[in-house]
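Just add 23 to wherever you are in the sequence shown, counting from 1, and you've got the working numbering. In what follows, a structure is listed as structure tokens, so that the remarks can point back to it.
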Amino acid sequence: MIELCLLGATGSIGSQVLDLIREKRDVYRLAAFSFGHNINKALEIVEEFEPDLVCAVEELDANRIKSEFPKVDVAFGNKGLQQVATHNCLCPKVINALVGSVGLTPTLSAIEVGRDVYLANKETLVIGGEIVMAKAKEFGVKIIPIDSEHSAIFQLLNGNDIEDVDRIIITASGGSFRDISREDLIKVTKEDALNHPNWTMGAKITIDSATMMNKGFELIEAHYLFDLPMSKISYILHRESIIHSLVEFKDGSMFAQMATSDMRLPIKYALEYPSHSYTEMVEKLDLVKVGCLHFEELSLERYPMLGFAIEAINKGSVYPTILNAANEVAVGLFLEEKISFLDIEKIVKEALNNPIFDKFALGDLTIPKIMSVDELVRIQILTKYR
Ligand code: MG
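Now the structure itself:
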């Protein structure tokens with residue numbers, strides 16, 4: 024029996040992890056989970072899966088769970104997330120499906136108790152990649168990607184020598200606005216942005232796909248995860264989302280991983296790799312129905328956020344943190360309909376070029392430094408735009 028400690032159970036990835044547990048109740052048990060603000064869904068999960076430990080963001084929600092399910096241990100806040108990540112159980116697997124920079128510390132807690140981390144939380148690597156990967160090496164644990172692109176590369180590299188890799192190519196669907204010109208982006212609404220052509224995902228990541236920030240984060244994640252220089256990481260627009268990424272070797276052989284766009288596949292592969300055992304959850308790919316696959320250049324003029332991500336990683340240190348925090352706040356403001364779609368990139372650009380953050384880039388990168396820059400960026404932006 025594999026016991027899962029699931030950070031972010033009520034989100035899109037979290038719900039799909041629960042689907043996998045439902046399919047294989049003889050293999051998996053939900054031992055601990057955290058949730059954000061969806062108390063009703065959390066109560067349903069407790070009822071159905073009978074975990075040992077539940078963590079809420081708010082103490083009030085934790086108390087509500089305790090009063091309805093007295094046998095369940097409850098926790099809350101950041102400390103609670105660390106409790107979920109380190110929860111004592113048999114054969115634990117920690118899945119980090121949190122959204123945002125809040126995902127970094129529980130990843131580190133899991134690593135420090137010697138646990139592999141099954142990672143869907145992008146910010147863990149975007150803002151803390153350098154520290155997280157060094158720590159994973161120190162404690163001899165693996166970081167296994169759940170993101171579809173990184174899962175594809177992870178599968179393609181399996182058994183191959185990383186030295187033989189000429190480049191990896193990350194595919195991008197182009198998001199909700201791929202057929203809309205920059206001029207027309209001025210008038211797009213929140214509803215338009217949330218309507219992704221290929222994937223069903225949470226709101227934050229759907230917006231990040233539309234701005235292409237998501238792809239930018241994925242380049243940064245790949246850089247740390249596979250220990251590849253940015254010169255070996257490229258990107259391409261592939262509108263069908265059938266090829267989830269490619270690896271090109273030095274001899275010119277190029278490999279692609281193809282499957283239907285269903286996040287349950289990368290989740291399953293992460294938890295069960297290197298097995299490709301049957302699942303009835305994922306629909307098989309019908310190539311005749313797909314017919315054609317298309318590839319186009321991804322232009323940095325059309326998608327400046329991708330350029331900002333490359334700039335941030337090239338500068339290193341706290342710049343990816345600035346990029347991420349500014350984007351997170353800006354997307355939040357857009358979802359609250361306080362700013363326009365194009366304001367998101369304007370805010371990110373302003374933050375990256377704000378000289379007040381430059382002093383933080385001096386000296387070693389540390390977690391407290393990441394956290395203070397993260398907070399400072401948020402305060403700066405909210406003071407100006409809210
Ligand atoms: Mg992805």
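Even for Gly, the Cβ is constructed at its ideal location relative to N, Cα and C. Since this is a predicted model, take the numbers as computed values, not measurements.
Review point. Exposed or buried, Asp184, counting other C-beta atoms within 10 Å across all chains shown (16 or more means buried)?
Key: Taking the sequence shown and counting its residues from 1, one reaches residue 184 at position 161. Asp184 comes out exposed.
Check your understanding: If you count every other CB in all the chains shown that lies within 10 Å of the CB of His219, and 16 or more means buried, which is it?
Key -> The count along the sequence shown starts at 1 and reaches residue 219 at position 196. His219 should be labelled buried.
Check your understanding: Comparing the C-beta of Asn63 with each C-beta of chain E, is any distance below 8 Å?
Key -> Judged by its chain identifiers, the structure shown contains no chain E, having just a single protein chain.
Practice item. Please confirm if the stretch 292-310 is in contact with the stretch 341-360, defined as three or more CB-CB distances below 8 Å between the two stretches. Key: no
Review point. In chain order, which alpha helix (DSSP H) runs of at least 4 residues are fully inside the stretch 85-135?
Key: Along the length of the stretch 85-135, whole alpha helix (DSSP H) runs at least 4 residues long occupy 100-108 and 127-135, reported in chain order.
Check your understanding: Where does Glu320 fall in DSSP's three states?
Key -> Position 297 of the sequence shown holds residue 320. It is coil, neither helix nor strand.
Point to revise | Contact shell at 7 Å, judged by CB to any heavy atom of ligand 1, ordered along the chain | key: Those satisfying the condition are, in chain order, Asp170, Ser171, Glu172, Asn237 and Glu241.
**Study point:** Whole-Å CB distance - Ile150 paired with Ser124, under 8 Å assumed
**Key:** As a first step, residue 150 is located in the sequence shown; it is residue number 127 there, counting from the start. As a first step, residue 124 is located in the sequence shown; it is residue number 101 there, counting from the start. With a Cβ gap of about 6 Å, Ile150 and Ser124 count as contacting.
Practice item. Give me the Cα-Cα distance between Glu46 and Pro378, rounded to the nearest whole angstrom. Key: Against the sequence shown, residue 46 aligns to sequence position 23. Against the sequence shown, residue 378 aligns to sequence position 355. As the crow flies, the alpha-carbon of Glu46 is around 52 Å from that of Pro378.
Review point. Taking one C-beta from the stretch 219-234 and one from the stretch 270-281 each time, how about it: are there three or more such pairs within less than 8 Å?
Key: no
Point to revise | Beta-carbon proximity of Val341 to Phe383, cut-off 8 Å | key: Residue mapping note: residue 341 aligns to position 318 of the sequence shown, counting from 1. Residue mapping note: residue 383 aligns to position 360 of the sequence shown, counting from 1. Taking 8 Å as the Cβ cut-off, Val341 and Phe383 qualify as a contacting pair.
Check your understanding: So, is Tyr292 buried or exposed, given that buried needs 16 or more other C-beta atoms within 10 angstroms?
Key -> Walking along the sequence shown from the start, residue 292 turns up at place 269. It counts as buried.
Check your understanding: Does the beta-carbon of Ala157 have 16 or more other beta-carbons within 10 angstroms, so that it is buried, or is it exposed?
Key -> Here residue 157 corresponds to residue number 134 of the sequence shown, with the count starting at 1. Counting Cβ neighbours within 10 Å, Ala157 comes out exposed, since fewer than 16 surround it.
Check your understanding: At what residue ranges does the stretch 275-332 contain a whole run of the alpha helix (DSSP H), taking only runs of 4 or more?
Key -> 287-295 and 310-313
Practice item. Measure from the alpha carbon of Lys94 to the alpha carbon of each residue in Val40, Val77, Gly314 and Thr344, then state which is nearest. Key: Taking the sequence shown and counting its residues from 1, one reaches residue 94 at position 71. Ranking Val40, Val77, Gly314 and Thr344 by Cα distance to Lys94 puts Val77 first.
Check your understanding: Is the stretch 361-379 close to the stretch 195-210, with three or more CB pairs under 8 Å?
Key -> yes
**Study point:** Cβ-Cβ separation, Asp75 to Asp49 (assumed contact under 8 Å), whole Å
**Key:** Here residue 49 refers to the residue found at position 26 when the sequence shown is read from its first residue. Here residue 75 refers to the residue found at position 52 when the sequence shown is read from its first residue. The pair is not a contact, with the Cβ atoms about 19 Å apart (cut-off 8 Å).
Review point. Applying the criterion that 16 or more other CB atoms from any shown protein chain within 10 Å of the CB defines a buried residue, is Met235 buried or exposed?
Key: For this step, residue 235 is matched to residue 212 along the sequence shown. Flag for Met235 reads buried.
Review point. How far does the alpha helix (DSSP H) with Thr406 in it reach, from first residue to last?
Key: As a first step, residue 406 is located in the sequence shown; it is residue number 383 there, counting from the start. First-last of the alpha helix (DSSP H) with Thr406: Ile390 to Tyr408.
**Study point:** Distance, Val69 Cα to Pro252 Cα
**Key:** Locating residue 252 in the sequence shown gives position 229, where the first residue counts as 1. Locating residue 69 in the sequence shown gives position 46, where the first residue counts as 1. Near 43 Å, if we compare the C-alpha coordinates of Val69 and Pro252.
Exercise for review: List the endpoints of the continuous alpha helix (DSSP H) containing Glu153.
Suggested key: In the sequence shown, counting from the first residue as 1, residue 153 sits at position 130. In the DSSP annotation of this structure, the continuous segment of the alpha helix (DSSP H) that includes Glu153 starts and ends at Glu146 to Phe162.
Check your understanding: What does Ala195 pair with, by DSSP beta-bridge criteria?
Key -> Counted from its first residue, the sequence shown places residue 195 at position 172. Among the bridge pairs identified by DSSP, Ala195 is matched with Leu260.
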